[in-house]
Every structure is written in structure tokens, then in C-alpha cells.
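S.K.:
In the UniProt record's numbering, the protein residues as written are 1 to 302.
#1: Need the endpoints of the beta strand (DSSP E) that residue 180 sits in, please.
#2: Just tell me which of 84, 111, 1 and 119 has its CA closest to the CA of residue 49.
#3: Alpha carbon to alpha carbon, how far is residue 74 from residue 14? Give it in angstroms, no decimals.
#4: Compare the Cα-Cα distances from residue 163 to each of 96, 128, 76 and 17 and report the closest residue.
#5: Going by C-alpha distance, which of 179, 54, 51 and 24 is nearest residue 114?
#6: Do residue 112 and residue 95 have their beta-carbon atoms positioned less than 8 Å apart in this structure?
#7: Which residue or residues does DSSP assign as beta-bridge partners of residue 71?
#8: Find the nearest neighbour of residue 43 within the set 153, 66, 54 and 84, judged by alpha-carbon distance.
#9: I need the boundaries of the beta strand (DSSP E) containing residue 113, first residue and last residue.
#10: What whole-angstrom Cβ distance do residue 45 and residue 87 have, given they're in contact under 8 Å?
#11: Report the three-state DSSP secondary structure of residue 5 (helix, strand or coil).
#12: Per DSSP, which one or two residues make a beta bridge with residue 150?
#13: For residue 174, count the other beta carbons within 10 Å of its own beta carbon; 16 or more makes it buried, fewer makes it exposed. Which is it?
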């Protein structure tokens, strides 16, 4: 697509990335004439894309790009038109909040990167320019084509995705967007859980809200060999600490005032040990019956 002005003055790179600021180079923002020509290029590209897709209104324009958080990738040929350059096409992408259905009919809320408009001049199609532009965007955004959504893709775009990226199995949606099966699978190959309320769901699945009873159970967790018991760890922590089970014969130590515990101060023991392990400085444990001794012996670990 040729214009009556120098394209190379506006777009200094073969592929330029534009956003709501409409700045393609360091000189564009300083020269109103170049900025006006840039807006003209975007408007004409949007009209050509709408005509090719048989749309009643253009999806892309300079004014729309200024009011939306989208990005437009523009491809030029700097040697055409006697050295003034020509525009070969563009690709517009942006994030959209979507409510989708997977293959099982489960609702998934997501905000993926979406292809919103894609156009290559008719006389330049099937020359690899569309693939060059699309691959540049994928590398710039660090995204895979199967992890994107496509807004009202034309049959040509669907054929393009099938030919170059093997995207064939799309999942029907109730909106105008098209997503493929790869969208619902993470890098490990398993389907991710739908986005849910973070207040009631943890990272690995549903999690109970805190309650006074749960807090009381957490505060009453026994310390065994300096570690939290395995039961309490599995319930109150994402990583449970496995400890030897406590025998029923041992029982739960009563919480008594310090004078009644019979603790004899030891100069070689730190205050931390006295506070955390009060039974270490107690008198030897009284003897128990043979039957009770055998029961406790079965709970001992090397």
C-alpha cells in the first residue's frame, strides 16, 4: 500500500510497534506533520482490512488506538515507491477479559492476548509477509499461538493458523472469539483449574476459611522432637512436616505454672530451650507398668 508521502520518515524500522501514543520513532512526536501522516496510514489500513473482511465498519483506526490499550505491529517495505517505502500490512493485538467454555463445558474466566485485526495487502499475500509479521509478534510478546484468542477470525486467518501452527481443533464459544484446545492446557499438558474467588480457593484447590476452632487447633499443636506434629502440619501448612505419632499413653502435657512443673534452672540451657522444651529439665520420668512400657516401646523410632 503506497502513500503520497515518505513512509521511511515515519517508520524507521521494517516492523514498527505502535500503542496509544502513536509514536513510531523519535522524530514522530516532534513533528505534527509526521504524526498526521502516521494517523492517515493507520486509518487507511483499517479501512482496507474491513473491506477485505466484508465488515460494515473498520475495527482499526488511529482514534481507536489512542483510546485502547492495544498494540499495532506495522510491516513496511522500505525500498518500494522509488525509495519512499510502502506499507505491506499490520497486526493488532490486545488483552481482553473473556468468559470461555472448555471442551467439558466448564466456565473459565481469562484475560488472554487476542488477535483483534490482521491484514496483508492483497497483492502481497502468500509471500510469507504475514508469517514474518505474526512470528515477530509472538517473539515480542513471548506467547504461543495456541494460548491466544482470536476475535472473529476470517477463513483466511483460520487457514493461516492451521497451515503454519497446526491449530485445527477449536472449542466453540458463545461469543465471537475463537480459542483452540491448546488454550486450556498448561505447559505440563494438564488442564488448569478455572479462575475462582481467591478468598475461598488456594493455589492448589479449595481452602477453608480461618475460624476460631481452626486457630485453637493450630495453637494447641504438639511439639515433638522440636517439630510440629504431622497432623497439624498437613492441616495448617501447605507443606506438612512428617513426625512420629505420639502414643496415647504419653498424653497431652498439662499447661501448668512454672513453679508447679518442677523445672530446675540449668545454667547450661538457654532461655529459648526452657521456653520451648520445658520437659527437658524435669526430673526422670517415674516408672510405669510393664504393659504400659511395652506399649510405649512400639512407638519409638531410631
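Every residue, glycine too, gets a C-beta built ideally from N, C-alpha and C.
M.R.: Straight from the coordinates:
#1: Position 180 of the chain shown, counted from the start, is the residue given in the question as residue 180. The continuous beta strand (DSSP E) containing residue 180 extends over residues 177 to 180.
#2: Translated into positions along the chain shown, residue 49 becomes position 49. Nearest C-alpha to residue 49: 119.
#3: Taking the first residue of the chain shown as position 1, residue 14 is located at position 14. Taking the first residue of the chain shown as position 1, residue 74 is located at position 74. Roughly 8 Å separates the two Cα atoms.
#4: As a first step, residue 163 is located in the chain shown; it is residue number 163 there, counting from the start. Measuring from the Cα of residue 163, the nearest candidate turns out to be 128.
#5: Here residue 114 is taken as the residue at index 114 of the chain shown, counted from 1. Ranking the options by Cα distance to residue 114, first place goes to 179.
#6: Locating residue 95 in the chain shown gives position 95, where the first residue counts as 1. Locating residue 112 in the chain shown gives position 112, where the first residue counts as 1. Going by C-beta atoms, residue 95 is nearer than 8 Å to residue 112.
#7: By 1-based counting over the chain shown, the position of residue 71 is 71. Bridge partners of residue 71: 93.
#8: Counted from its first residue, the chain shown places residue 43 at position 43. Residue 66 is the option with its Cα nearest to residue 43.
#9: Looking up residue 113 in the chain shown gives position 113. That run of the beta strand (DSSP E) goes 113 to 120.
#10: Indexing the chain shown from 1 puts residue 45 at position 45. Indexing the chain shown from 1 puts residue 87 at position 87. Taking C-beta atoms under 8 Å as the contact rule, residue 45 and residue 87 qualify, at a distance of about 7 Å.
#11: Walking along the chain shown from the start, residue 5 turns up at place 5. The three-state reading of DSSP puts residue 5 in coil, since its state is none of H, G, I, E or B.
#12: Here residue 150 is taken as the residue at index 150 of the chain shown, counted from 1. The partner list for residue 150 (beta bridge, DSSP) reads 115 and 178.
#13: Reading the chain shown from its first residue, position 174 is the one you call residue 174. Per the 10 Å Cβ criterion, exposed.
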